[in-house]
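J.: Heads up: the sequence lines are chains D and A, in that order. Mapping the first sequence onto my numbering, position 87 (from 1) lands on 87, and the numbers just tick up by one. Mapping the second sequence onto my numbering, position 196 (from 1) lands on 196, and the numbers just tick up by one. We treat Cβ as the ideally placed atom computed from N, Cα and C, and that holds for glycine. Predicted model, so just to flag it, every value in this text is computed and none were measured. I have a structure I would like to understand better, so I am pasting it below and will then ask my questions one at a time.
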Amino acid sequence: MLRPRIIACLDVAGNEVVKGIQFGSLRALGRPEELAARYEDEGADEIVLLDITAGAERRGPDLAVVERTARRLGIPLTVGGGIQAAETARVVLAAGADKVSVNSAALRTPALVGQIAEQAGSQAVVVAVDVRQEPGGHRVYASGGRTATSWWLGPWVAEVAARGAGEVLLTSIDRDGTGQGYDVGALGQAAAAARLPLIASGGGATAHHVAQALAVPGVTGALLAGVLHRGDVTLAALKDALRSQGVWVRVGR
Amino acid sequence: MTVAVVNLERGNLQSVAWALERLNVAVAVTRDPQEVARARGVVLPGVGHYAAAADELARTGMDEAIWSRVGVVPVLGICLGLQLLFESSEEGGRGLGVLPGTVERLDVGSAPLPHMGWNQVQPTAAAGLLAEVGAGEAYFCHAFAVRPRDGLLASAVTEYQRPFVSAVQKGLVAGVQFHPERSGAYGRRVLEAFSRQVARCSR
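Set out below in structure tokens:
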């Protein structure tokens, strides 16, 4: 059977992994290549590395950080942050990333999703979608949650699926950093909009939260960040707890 | 003893080379068919579209270079590289035809596609790389899978809604649908088995 994936996310600024709360204030937590290797040892199924200052600085992800991290890893690595062109995606993949994650640039230029898929294959294209719950539904935000767009969650997921996305990483801005659990309602809407692998992000802090997200049909992985960095929970303990709740995550490292 | 990693100028090739280097295998990531023709082992990695990669192999003369090593030294296809060893794909394009059969889109009903994540690899053959390594969990990332015309070419199966061929072996030619370079300790064992095969063959 396909194992649900437990994914460790590293938000990187400069040479440091940082973590904010609801996309706000940041603090430094360690070097990305070291944290990535440690999470692999602890049983992470995949690593996501997001260069969170790249977009604002109008550049792509820091390739030196990508290469240092990719070189040490024996598990898949997704890299995002400031990827605005298919050429940037190509160099990030050439630096050792297995997949690239696009977000704001895809909202500005949806054709970008297809261009990267054409070049590197759909399996290499993750579309990160940040949503906030509003009275009319879940609205998609760009620029790290700062800019509201005219897209609602379901239509946007269907759009990127049609354009060749290989995976959707759905983050609830409302839940991010709160430890209150994933936004299961948003996950259900996204899953209903397309038959793509869907990763839950934002708010996950416990095995129970992860199990809740994975119970939504179409959700094939759950992403954790702050709770791992702070040491609130280890991946090994989390996976043990999941198995004891009947969620058959991968054993071994 | 150098293993050539065929560079098709797309996607992530480095991780395969790095994984082999971690096993102390001398690796050359190369676009030069002559380097492939001299290599003691050949790895054909690859992601992306079948037709584009197949065209690239033909355009660069890499197809003949790979053929010149078939049956002579160990050849390992990974993911799209495995698929390229076959004759053709539903995705379009003609492959190397080293192995008889085709490549077809996975039939998964309403389950998500691509098949992306960790899944069980169950060896089915008595000999070859996968028989040596045994069963384990590996990382997959694909929407198509091979369908060998000769069922005995299958050396492992994996189940995603229904079983598909996740590894093949014919003599010194092997292929895996998963990514050993990204499959943790299990993947490392697969690459170790390949490097042992290269070492045996180089003696």
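1) On the three-pair Cβ rule with 8 Å, is the segment 175 to 195 of chain A touching the segment 142 to 150 of chain A?
2) Considering Cα atoms alone, identify which of D:35, D:123 and D:17 is closest to residue 28 of chain D.
3) Within its chain, find whatever has a CB closer than 8 Å to the CB of residue 186 of chain D; leave out the 5 residues flanking it on each side and keep chain order.
4) So residue 67 of chain D is in the beta strand (DSSP E); what residue range does that whole segment cover?
5) Check the Cβ of residue 255 of chain D against every Cβ in chain A and list those closer than 8 Å, keeping chain order.
6) Please state whether the Cβ-Cβ distance between residue 195 of chain A and residue 20 of chain A is less than 9 Å.
7) Can you tell me whether residue 107 of chain A is helix, strand or coil according to DSSP?
8) Assuming residue 115 of chain A contacts residue 2 of chain D under a Cβ cut-off of 8 Å, what Cβ separation, rounded to an integer in Å, is found between them?
9) Which stretch, first to last residue, makes up the alpha helix (DSSP H) that contains residue 60 of chain A?
10) Taking Cβ to Cβ, would you say residue 229 of chain D is nearer than 9 Å to residue 19 of chain D?
11) Please list the residues of the segment 232 to 247 of chain D that have a C-beta atom closer than 8 Å to any C-beta atom in chain A, keeping them in chain order.
12) Please list, in chain order, the chain D residues whose beta carbon lies closer than 9 Å to that of residue 5 of chain A.
13) Between which residues of its own chain and residue 31 of chain A is the CB-CB distance below 6 Å, once the five residues before and five after are set aside?
14) Note the first and the last residue of the continuous beta strand (DSSP E) segment covering residue 172 of chain D.
15) CA-CA distance, residue 188 of chain D and residue 177 of chain D?
16) For residue 245 of chain D, does the count of other Cβ atoms within 10 angstroms reach 16, so buried, or fall short, so exposed?
17) Any residues in the segment 210 to 227 of chain D with a beta carbon nearer than 8 Å to a beta carbon of chain E? Which ones, in chain order?
18) Express the C-alpha separation of residue 171 of chain A and residue 148 of chain A in angstroms, rounding to a whole number.
19) Which whole-angstrom value describes the C-beta separation of residue 84 of chain A and residue 95 of chain A, a residue pair presumed to lie in contact below a C-beta threshold of 8 Å?
20) Excluding the 5 residues preceding and the 5 following residue 126 of chain D in the sequence, name in chain order all residues of the same chain whose CB lies nearer than 6 Å to its CB.
21) Can you tell me whether residue 146 of chain D is buried or exposed? The criterion is at least 16 other CB atoms within 10 Å of its CB, across all chains shown.
22) What's the C-alpha gap between residue 40 of chain A and residue 58 of chain A?
23) Counting C-beta neighbours from all protein chains within 10 Å, is the total for residue 88 of chain D 16 or more, i.e. buried, or is it exposed?
24) Look up residue 51 of chain D in the DSSP assignment and give the residues it is bridged to.
25) Would you kindly check if the distance between the Cβ of residue 54 of chain D and the Cβ of residue 82 of chain D is under 9 Å?
26) From this set, D:13, D:41, D:43 and D:202, which residue's C-alpha is nearest residue 30 of chain D's C-alpha?
27) Only counting the same chain, and skipping five residues up and downstream in sequence, which positions put a Cβ closer than 8 Å to that of residue 150 of chain A?
28) What do you get for residue 250 of chain D, buried or exposed, if any count of 16 or more other CB atoms within 10 angstroms of its CB means buried?
29) Please go through the same chain and pick out, in chain order, the residues whose beta-carbon is closer than 6 Å to the beta-carbon of residue 107 of chain D, but skip the five residues on each side of it.
T.: Let me lay it out:
1) Contact between the segment 175 to 195 of chain A and the segment 142 to 150 of chain A is present, because at least three Cβ pairs lie under 8 Å.
2) Taking the Cα of residue 28 of chain D as reference, the smallest distance to any Cα among D:35, D:123 and D:17 is reached at D:17.
3) Shown here for residue 186 of chain D: same chain residues with a beta carbon closer than 8 Å to its own, the five before and five after excluded, namely 131, 133, 138, 153, 170 and 172 in chain order.
4) Unbroken run through residue 67 of chain D is the alpha helix (DSSP H), 63 to 72; no beta strand (DSSP E).
5) This structure gives no information on residue 255 of chain D, because the portion of chain D shown stretches from 1 to 253.
6) Inclusion of residue 195 of chain A and residue 20 of chain A in the CB contact set at 9 Å is warranted, their separation being smaller than that value.
7) In the structure shown, residue 107 of chain A adopts coil according to DSSP, grouped into three states.
8) About 7 Å; that satisfies the 8 Å criterion.
9) Counting along the chain, the alpha helix (DSSP H) containing residue 60 of chain A begins and ends at 50 to 60.
10) A contact, by the Cβ cut-off of 9 Å.
11) Within the segment 232 to 247 of chain D, no residue has a Cβ that lies closer than 8 Å to any Cβ of chain A.
12) Under the 9 Å cutoff, chain D gives no residues; its nearest Cβ is about 13 Å from residue 5 of chain A.
13) Residues of the same chain with a CB within less than 6 Å of the CB of residue 31 of chain A, apart from the 5 flanking positions on each side, are 7 in chain order.
14) 167 to 172 is the span of the beta strand (DSSP E), which, as asked, contains residue 172 of chain D.
15) Going from the Cα of residue 188 of chain D to the Cα of residue 177 of chain D covers about 21 Å.
16) When all chains shown are included, residue 245 of chain D counts as exposed.
17) In the structure shown, chain E does not exist; the protein chains are D and A.
18) Straight-line Cα distance between these residues: approximately 15 Å.
19) Correct: roughly 5 Å between the Cβ atoms.
20) Answer for residue 126 of chain D: 78, 99, 101, 167 and 169, listed in chain order.
21) Exposed is the call here.
22) Their Cα atoms are separated by approximately 22 Å.
23) Residue 88 of chain D comes out buried.
24) Beta-bridge pairing links residue 51 of chain D to D:12.
25) Yes, the Cβ-Cβ distance between residue 82 of chain D and residue 54 of chain D is below 9 Å.
26) Looking only at D:13, D:41, D:43 and D:202, the smallest Cα-Cα distance to residue 30 of chain D is reached by D:13.
27) These residues qualify, in order along the chain: 100 and 101.
28) Label assigned to residue 250 of chain D: buried.
29) So the qualifying residues of the chain are 142 and 149.
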